[in-house]
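If you count by this note's numbering, then the sequence shown holds residues 178 to 280, one letter each, in order. Positions of the beta carbon are idealized from the N, C-alpha and C atoms, including for glycine.
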Amino acid sequence: MGQVETDLRLMNSGAWAAAGEAVSGWAEDAEEVARGRFIYTENLLNAIRLPVPYQCRTWSHSWVSVADAVYMEKKGWRIFHADERETDGSSIGNGPEWSRSRV
Numbered sequence: 178m179g180q181v182e183t184d185l186r187l188m189n190s191g192a193w194a195a196a197g198e199a200v201s202g203w204a205e206d207a208e209e210v211a212r213g214r215f216i217y218t219e220n221l222l223n224a225i226r227l228p229v230p231y232q233c234r235t236w237s238h239s240w241v242s243v244a245d246a247v248y249m250e251k252k253g254w255r256i257f258h259a260d261e262r263e264t265d266g267s268s269i270g271n272g273p274e275w276s277r278s279r280v
């Protein structure tokens, strides 16, 4: 249970807090109001299944999508969900060495 709680905090709450700080900054800075952009970046989680519960991965994508729709309509700000890629298009986290270090 401890690992699940750690994964939930890391993959969801941290991004939620970062997005909140971004939105607060946009609201306080007149120049940033029109340019507000937040990109929530993940490594590989949308491409392979890791040994964590599925809801850990989908919750963050859900709130990012809702926040993007709400802020785009009301303020013109955008919030994106993305994953990191190498220049050849492969995931940053591809490879057996990466997988073994996470299991």
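For residue i, the nearest candidate out of the options (CA to CA)
i: VAL247; options: ALA195, VAL200, ILE269; result: VAL200
i: PHE215; options: TRP254, ARG262, THR183, SER237; result: TRP254
i: LYS251; options: VAL210, PHE257, ALA195; result: VAL210
i: VAL241; options: ASP184, ALA194, THR183; result: ALA194
Buried versus exposed, by CB contacts within 10 Å (16 or more), residue i
i: GLY213; result: buried
i: VAL181; result: exposed
i: SER237; result: buried
i: ALA192; result: buried
Expected contact under 8 Å - CB spacing of residue i and residue j to nearest Å
i: ILE269; j: ARG262; result: 7 Å
i: ALA244; j: ALA196; result: 7 Å
N- and C-terminal bounds of the alpha helix (DSSP H) containing residue i
i: ASP184; result: 179-185
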